[in-house]
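Listed in order, the protein sequences are those of chains R, P and G. The first sequence begins at 1 in the working numbering and counts up one residue at a time. The second sequence begins at 1001 in the working numbering and counts up one residue at a time. The third sequence begins at 2001 in the working numbering and counts up one residue at a time. For every residue, glycine included, the Cβ atom is placed at its ideal position computed from N, Cα and C. The model shown is predicted, which means the values in this text are computed figures rather than measured ones.
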Amino acid sequence: MSAVAAMRRRTMPGPTTIALLAVFAVFVLLFVAGVGFGSTWIGLDTVTGVLLGGGERTDRLVVLQLRLPRVLAAAIAGGAIAYAGYLLQRITRNELASPGVLGVVDGAALGVVLFLAIFSNESNALIVPVAWQPLAAAIGAMTAIGLVFLLSGRQASSAIRLILFGIAIAAVAKALTTIFMLIGPIYQAAQAARWLAGAVNTINWVEVQIMLMVLVPVGIIAGIAARTLPPADLDDISSRSIGLNLPVYRIIMFLLAALLTAGAVAFAGGVGFVGLIAPHMARLLVGRGRVAGIVMSILLGAIILVGADLLIRVAFAPLEVPAGTVTAIIGAPYFLYLLMRKDNSNG
Amino acid sequence: MVEGMSGPVQADRSRWPVYVALALGLGVAMLASLTLGYKLYGLDEVWAALFAHDGSETATVIAGLRLPRALIAPLAGAALGMAGVMVQTLSRNRIASPDTLGLNAGASMAVVLAMVVFGVGSLAGLSLAAALGALMTSIIVFGVAAGAGGLSPLKIVLVGVTFAGLAHAVVEIVLTSNEAQLQQLLFWLSGAFVDRPISLFFNGLPVVLVGAALAFALTSALDALQADDSTAASLGVPLVAVRGLTFIAVSLLTGAAVSMAGPVAFVGLVVPHAARGLVGLRHRHQLAAAALVGAIYTTLADVAARFVIYPVEAPVGAVTAVVGAGTLVVLLMRRLA
Amino acid sequence: MDDQVANRIEVKALSLSYGPEMVLDALSLPIPSGQITVLAGPNGCGKSTLLRAIRRLHAPQSGQVLLDAEDICRLNGKALGRRIGLLAQSPSAPQDMTVEELVRLGRYPHQAMMQPWGAKDDAAVAEAMTGTGVEEMRHRRIGSLSGGQLQRAWIAMVLAQETDVICLDEPVNHLDMAHQLDCLELVTRLNKEQGRTIVLVLHDLNLAARYADQLVFVANGKVRERGTPETMMRSDLIEEVFNVTAEIIIDPVHKRPICIPHRRS
Chain R
1 MSAVAAMRRR TMPGPTTIAL LAVFAVFVLL FVAGVGFGST WIGLDTVTGV
51 LLGGGERTDR LVVLQLRLPR VLAAAIAGGA IAYAGYLLQR ITRNELASPG
101 VLGVVDGAAL GVVLFLAIFS NESNALIVPV AWQPLAAAIG AMTAIGLVFL
151 LSGRQASSAI RLILFGIAIA AVAKALTTIF MLIGPIYQAA QAARWLAGAV
201 NTINWVEVQI MLMVLVPVGI IAGIAARTLP PADLDDISSR SIGLNLPVYR
251 IIMFLLAALL TAGAVAFAGG VGFVGLIAPH MARLLVGRGR VAGIVMSILL
301 GAIILVGADL LIRVAFAPLE VPAGTVTAII GAPYFLYLLM RKDNSNG
Chain P
1001 MVEGMSGPVQ ADRSRWPVYV ALALGLGVAM LASLTLGYKL YGLDEVWAAL
1051 FAHDGSETAT VIAGLRLPRA LIAPLAGAAL GMAGVMVQTL SRNRIASPDT
1101 LGLNAGASMA VVLAMVVFGV GSLAGLSLAA ALGALMTSII VFGVAAGAGG
1151 LSPLKIVLVG VTFAGLAHAV VEIVLTSNEA QLQQLLFWLS GAFVDRPISL
1201 FFNGLPVVLV GAALAFALTS ALDALQADDS TAASLGVPLV AVRGLTFIAV
1251 SLLTGAAVSM AGPVAFVGLV VPHAARGLVG LRHRHQLAAA ALVGAIYTTL
1301 ADVAARFVIY PVEAPVGAVT AVVGAGTLVV LLMRRLA
Chain G
2001 MDDQVANRIE VKALSLSYGP EMVLDALSLP IPSGQITVLA GPNGCGKSTL
2051 LRAIRRLHAP QSGQVLLDAE DICRLNGKAL GRRIGLLAQS PSAPQDMTVE
2101 ELVRLGRYPH QAMMQPWGAK DDAAVAEAMT GTGVEEMRHR RIGSLSGGQL
2151 QRAWIAMVLA QETDVICLDE PVNHLDMAHQ LDCLELVTRL NKEQGRTIVL
2201 VLHDLNLAAR YADQLVFVAN GKVRERGTPE TMMRSDLIEE VFNVTAEIII
2251 DPVHKRPICI PHRRS
């Protein structure tokens, strides 16, 4: 493409904006469908009525207490993980990087299992409110990340080595999780297993609010930090010569991505795959632009998770198959197929 | 510049003392497996139980419970050790292993699907499922990683981890919809030598032997494959054929190990490093040493698994994962990989 | 010019493309037996590809390569590996491999299921290591060697193959002057003392002129011209092929022509 044509493409609002608007429309549609669908179908007019403050009492109950939190949580978690995935893929210059490989998800799982193991009495009932579970997950996630950075030390600046440390920590966390699941009673194992695979069906409003309180600030900080992204595409030495301390910047980005992931995973369970697929599909739709890439990734992540949750309720009812599983099963083969078709290596 | 485990020079010495020491070590490990556990038995009791057939409780425990483990553990360890050597050579990557490339996960997914979805119950059927799962996974992972811009170490490990994640997701769906079998499946999924009938050993043995024979037939080609593709090709190595046959050998070995014991993590990662440190890079020696070291490693891990959360048995895969991951971290920190 | 000398290798109208791009265009070239042929040319002219095609690392779209009048496509990989050796441009091997383990790889084409390692192989390896002077380093890991030592180890590996034809793809690019000399003197010795046919790709035109018996200029996938260095090193030809204006003088030490490029043309 000639230089003039390339410039023209960037200044024209056309394809990218259209894609963004179209995807946003899809998201709204899915969101409404997600709130509407269930054991009783609640139509669009009823939903809007409830949201605006009116509506019948039963409708209000279903929409506000059951459906809305769940769908919102799925959207927020999906968006946050997709955001984290985008940052990771840009900073490691590799389309295959994903939040799942930093050991975050497995650390969170260990946190949940430990929480269940420690805070259950002999008759296998929780002695503290289950609302504390996400905190345990978040602590587990951050511990995992902390260990990864601590152990990798100076090597943290190399994407390959950092991810490998992540794989090692994830393996240890997974092993310990299995051990604790075995020590404990069966219900614990079942519940933990379900959480591990990613479930948003037990979310309530309080949790949604906490999610927003955590993720929105982090997201904004990440957005500011992401302004430095384009120069980060250079190699270490070249970027230092223009004043960017790449190793430090990388660590900051990894940390932000980890925080976003921990926040999402703590409430929604093991939905790491979304962070792998969404940024990649975003790039296919809107190209390498930074702002468009972030917004599109978030939208797509939200769509994927809301869509998966909806799909489960439609197709698998009454079985509560976890959302993360569905995204993995549909997303992973598609992703692998995409990899085979395009040569998209970038380091 | 690499600081190898024994410095810039490798001493020129015969390897026979190493092999003798390893063989003795294996014998000791197997004895430990027979004598140590929830109850401790003496050597004389073990001897009597194995050869006296007196139907006593001791005999039942030792012959019925301990003996299968004492046989399956080393066989699986040997198989995984050899598979690990070949995977690391094939991907020219010292952190590759049947686990990090998703082969274990693929094999166990195949077994779980075979058991739950297709109702396969026979041991032979499950072994076949495991081997096929490993083979399919290796083809997919290598195919995708090679297609996506070249076989770089990062790519292949990430593709492998992705695929392992997919396999785990499938397995987790099965888990959540089969809560009755949950405990049993869980145990399966992290690798264990306990509660396995001895028929699994006799089932797995021929598969391992075939895989090992194939591996040893490929040793000179594998040696040449350690160099870059152009060099290997100009030496006359038929790259595609050798890679294909190596996949088959790796799949047979991994499949046999998984069908005997489930996915025992990280054995194929750690053992090749130890083997190379002991006997060097020639595959005739790497494979032999890896088989012995792998056998010792899993047997000792199995003994340790009996005691870590005494009196409950931990899955041996959890023990090897902790040890293996710890070793991986050390390798990475000391830049040996 | 070379009618009396038998041609070890004959490249006949070889065409090769990577995708839509034609890299070799009906190229023909005789490689005389027992001589040093050097392929030279600007970047991207196809000289490396030609060398690799001679060793059958690439399959041509049309044309043939004949080895002793036999089409190389008829020979199986190992048989060809016993007759043509190639040192690739940036060879690599595990850093903890010892020199001896590396040289031993060269015996691969001689091994068969029924013929495992034997005394012949030991002898070939020993001779290759002594011939290149890496004997004392045999147990050192290649990661601990200097650039020059490493290159000699790789040449030893190719020597262990015991081939009559040895191809080397830019063997001295990354070496300092002293080691460049070492390497090329070694190659010359192999040619003069053992009569091996050598095909070299060299980037440095003056080195090419110094060591070649037959100097070949490759441009745009074709042989532009070939001949002795004396006939090839002409200002007009060099300007056409390499896009530089150059002055030609005679090197007082080796009595071979050298060129001094002084302006881009």
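**Q.** Members of the region 1309-1321 of chain P near chain R, C-beta cut-off 9 Å
**A.** Ile-1309, Val-1312, Glu-1313, Ala-1314, Pro-1315, Gly-1317, Ala-1318, Val-1319, Thr-1320 and Ala-1321
Q. For G:Ser-2062, which beta-bridge partners are listed by DSSP?
A. To locate residue 2062 of chain G, count along the third sequence from 1; it is residue 62. Answer is G:Ser-2015, bridged to G:Ser-2062.
Q.
Whole angstroms are fine: how far does the CA of R:Pro-69 sit from the CA of R:Phe-37?
A. The count along the first sequence starts at 1 and reaches residue 37 of chain R at position 37. The count along the first sequence starts at 1 and reaches residue 69 of chain R at position 69. So the two alpha carbons sit approximately 14 Å from each other.
Q) What is the rounded straight-line gap between the Cα of P:Gly-1119 and the Cα of R:Thr-46? A) For the purposes of this step, residue 1119 of chain P is taken as residue 119 along the second sequence, with counting starting at 1. For the purposes of this step, residue 46 of chain R is taken as residue 46 along the first sequence, with counting starting at 1. Distance between the alpha carbons of P:Gly-1119 and R:Thr-46: 47 Å.
Q. Does R:Thr-143 come within less than 7 Å of chain P when only Cβ atoms are used?
A. Counting from 1 along the first sequence, the entry for residue 143 of chain R is found at position 143. Chain P, which has no Cβ nearer than 7 Å to the Cβ of R:Thr-143, makes this no.
Q. Which residues in chain P sit within 9 Å of R:Val-26, going by Cβ to Cβ distance?
A. Here the question's residue 26 of chain R lines up with position 26 in the first sequence. By Cβ distance, chain P contributes nothing, its closest Cβ being about 24 Å from R:Val-26, past 9 Å.
Q. If the cut is a Cβ gap below 7 Å, which residues of chain P does G:Tyr-2018 touch?
A. One-based indexing of the third sequence puts residue 2018 of chain G at position 18. Within chain P, no residue has its beta carbon less than 7 Å from that of G:Tyr-2018; the closest one is some 15 Å off.
Q: Could you please give the first and the last residue of the uninterrupted alpha helix (DSSP H) stretch that includes G:Thr-2130?
A: The residue you call residue 2130 of chain G lines up with position 130 of the third sequence. First-last of the alpha helix (DSSP H) with G:Thr-2130: 2119-2132.
Q: Compute the distance between the beta-carbons of P:Val-1157 and P:Thr-1100, then report whether it is under 7 Å.
A: In the second sequence, the residue the question calls residue 1157 of chain P occupies position 157. In the second sequence, the residue the question calls residue 1100 of chain P occupies position 100. In this structure, P:Thr-1100 lies closer than 7 Å to P:Val-1157 by Cβ.
Q. Out of G:Trp-2154, G:Gly-2131 and G:Thr-2130, which has the shortest C-alpha to C-alpha gap to G:Arg-2141?
A. Here residue 2141 of chain G corresponds to residue number 141 of the third sequence, with the count starting at 1. Cα-wise, what sits closest to G:Arg-2141 is G:Trp-2154.
Q) What are the residues that DSSP puts in a beta bridge with G:His-2141? A) Within the third sequence, residue 2141 of chain G is the residue found at index 141, counting from 1. Sequence inspection shows Arg at residue 2141 of chain G; the His mentioned does not correspond to that position. BP columns for G:Arg-2141 point to G:Thr-2098.
Q: Alpha carbon to alpha carbon, how far is P:Met-1086 from R:Gly-331? Give it in angstroms, no decimals.
A: Walking along the first sequence from the start, residue 331 of chain R turns up at place 331. Walking along the second sequence from the start, residue 1086 of chain P turns up at place 86. Distance between the alpha carbons of R:Gly-331 and P:Met-1086: 30 Å.
Q. Given that P:Gly-1280 touches chain G, what residues does it touch there, using C-beta distances under 8 Å?
A. For the purposes of this step, residue 1280 of chain P is identified with residue 280 of the second sequence, where counting begins at 1. Neighbours of P:Gly-1280 on chain G, chain order: Thr-2098 and Glu-2101.
Q. Hey, is R:Ala-74's beta-carbon within less than 7 Å of any beta-carbon in chain P?
A. In the first sequence, the residue the question calls residue 74 of chain R occupies position 74. Answer no: the Cβ-Cβ gap between R:Ala-74 and chain P never drops below 7 Å.
Q.
To be precise: take each residue of the region 1224-1239 of chain P, compare its Cβ to all Cβ atoms of chain G, and keep it if any distance is under 8 Å. Which residues remain?
A. Ala-1224, Gln-1226, Ala-1227, Asp-1228, Ser-1230, Thr-1231, Ala-1233, Ser-1234, Leu-1235, Gly-1236, Val-1237 and Pro-1238
Q) Between the Cα of G:Gly-2131 and the Cα atoms of G:Arg-2008, G:His-2203, G:Val-2187 and G:Asn-2043, which residue gives the shortest distance? A) Here residue 2131 of chain G refers to the residue found at position 131 of the third sequence. Among G:Arg-2008, G:His-2203, G:Val-2187 and G:Asn-2043, the Cα nearest to that of G:Gly-2131 belongs to G:Val-2187.
Q) Along the chain, where does the alpha helix (DSSP H) that runs through P:Gln-1286 open and close? A) Within the second sequence, numbered from 1, the residue matching residue 1286 of chain P stands at position 286. Taken as a continuous stretch (DSSP letters only), the alpha helix (DSSP H) holding P:Gln-1286 covers 1283-1305.
Q. So, does the CB of P:Ser-1220 fall closer than 7 Å to a CB anywhere in chain G?
A. For this step, residue 1220 of chain P is matched to residue 220 along the second sequence. Using a CB distance cut-off of 7 Å, P:Ser-1220 counts as an interface residue toward chain G.
Q: Give every residue of the same chain whose Cβ lies closer than 6 Å to the Cβ of G:Arg-2224, excluding the five residues on either side of it in the sequence, and list them in chain order.
A: Translated into positions along the third sequence, residue 2224 of chain G becomes position 224. Phe-2217 and Val-2241.
Q | Contacts that R:Phe-165 makes with chain P (C-beta to C-beta distance below 8 Å) | A | Within the first sequence, residue 165 of chain R is the residue found at index 165, counting from 1. Per Cβ cutoff of 8 Å: Val-1329 and Leu-1332.
Q) According to a CB-to-CB cut-off of less than 9 Å, which residues of the region 1253-1269 of chain P neighbour chain R? A) Ala-1265 and Phe-1266
Q. Since G:Gln-2214 sits in a beta bridge, which residues does DSSP pair it with?
A. One-based indexing of the third sequence puts residue 2214 of chain G at position 214. Looking at the DSSP assignment, G:Gln-2214 forms a beta bridge with G:Thr-2037.
Q. When burial is assigned at 16 or more other CB atoms within 10 Å of the CB, is G:Cys-2073 buried or exposed?
A. Position 73 of the third sequence, counting from 1, holds the residue named residue 2073 of chain G. Its Cβ having fewer than 16 others within 10 Å, G:Cys-2073 is exposed.
Q: Could you list which residues in chain P have their beta carbon closer than 7 Å to that of R:Thr-325, in chain order?
A: Numbered from 1 along the first sequence, position 325 holds the residue referred to as residue 325 of chain R. In chain order: Ala-1169, Glu-1172 and Ile-1173.
(Q) So that I know if they touch, is there some Cβ in chain P lying closer than 7 Å to that of R:Thr-261? (A) For the purposes of this step, residue 261 of chain R is identified with residue 261 of the first sequence, where counting begins at 1. No, R:Thr-261 lies away from the interface with chain P (no Cβ there is under 7 Å from its Cβ).
(Q) Excluding the 5 residues flanking G:Asn-2169 on each side, which residues of the same chain have their C-beta closer than 8 Å to its C-beta? (A) By one-based count along the third sequence, residue 2169 of chain G stands at place 169. The displayed chain sequence assigns Asp, not Asn, to residue 2169 of chain G. Cβ within range, chain order: Ser-2048, Leu-2051, Arg-2052, Leu-2086, Leu-2087, Ala-2088, Gln-2089 and Val-2201.
Q: Name, please, each residue of chain P whose Cβ falls closer than 8 Å to the Cβ of R:Val-172.
A: Counted from its first residue, the first sequence places residue 172 of chain R at position 172. The contacting residues are Ala-1321, Val-1322, Ala-1325 and Gly-1326.
Q | Close beta carbons around P:Thr-1219, own chain, < 6 Å, minus the five adjacent residues each side | A | Looking up residue 1219 of chain P in the second sequence gives position 219. Around P:Thr-1219: His-1283 and Arg-1284.
Q: For G:Ala-2088, return the contacting residues in chain P, with the cut-off set at a CB-CB distance below 8 Å.
A: As a position in the third sequence, residue 2088 of chain G is number 88, starting the count at 1. For G:Ala-2088, the chain P residues whose Cβ falls inside 8 Å of its Cβ are Asp-1228, Ser-1230, Thr-1231 and Ser-1234, in order along the chain.
(Q) Let's test the definition: count the other Cβ atoms within 10 Å of the Cβ of R:Gln-133 and tell me whether it reaches 16, buried, or not, exposed. (A) One-based indexing of the first sequence puts residue 133 of chain R at position 133. Buried is the call here.
Q) At a cut of 8 Å, does the region 1268-1278 of chain P reach the region 1226-1234 of chain P through at least three beta carbon pairs? A) no
Q.
Going residue by residue through the region 1012-1082 of chain P, where are the continuous alpha helix (DSSP H) segments of at least 4 residues, counting only ones entirely within it?
A. For the region 1012-1082 of chain P, the full-length alpha helix (DSSP H) segments reaching 4 residues or more read 1016-1035 and 1043-1052 along the chain.
Q) Mapping DSSP to helix, strand and coil, what is R:Ala-308? A) On the first sequence, residue 308 of chain R is found 308 positions in, with the first residue counted as 1. In the structure shown, R:Ala-308 sits in a helix (DSSP, three-state: H, G or I).
Q.
Using a Cβ-Cβ cutoff of 8 Å, what residues of the region 75-90 of chain R are near chain P? List them in chain order.
A. none
Q) So, is G:His-2110 buried or exposed, given that buried needs 16 or more other C-beta atoms within 10 angstroms? A) Walking along the third sequence from the start, residue 2110 of chain G turns up at place 110. By the Cβ neighbour-count rule, G:His-2110 is buried, with 16 or more other Cβ atoms within 10 Å of its own.
Q. Starting from G:Met-2022 and walking both ways along the beta strand (DSSP E), at which residues does that stretch end?
A. The residue given as residue 2022 of chain G occupies position 22 in the third sequence. Residues 2021-2032.
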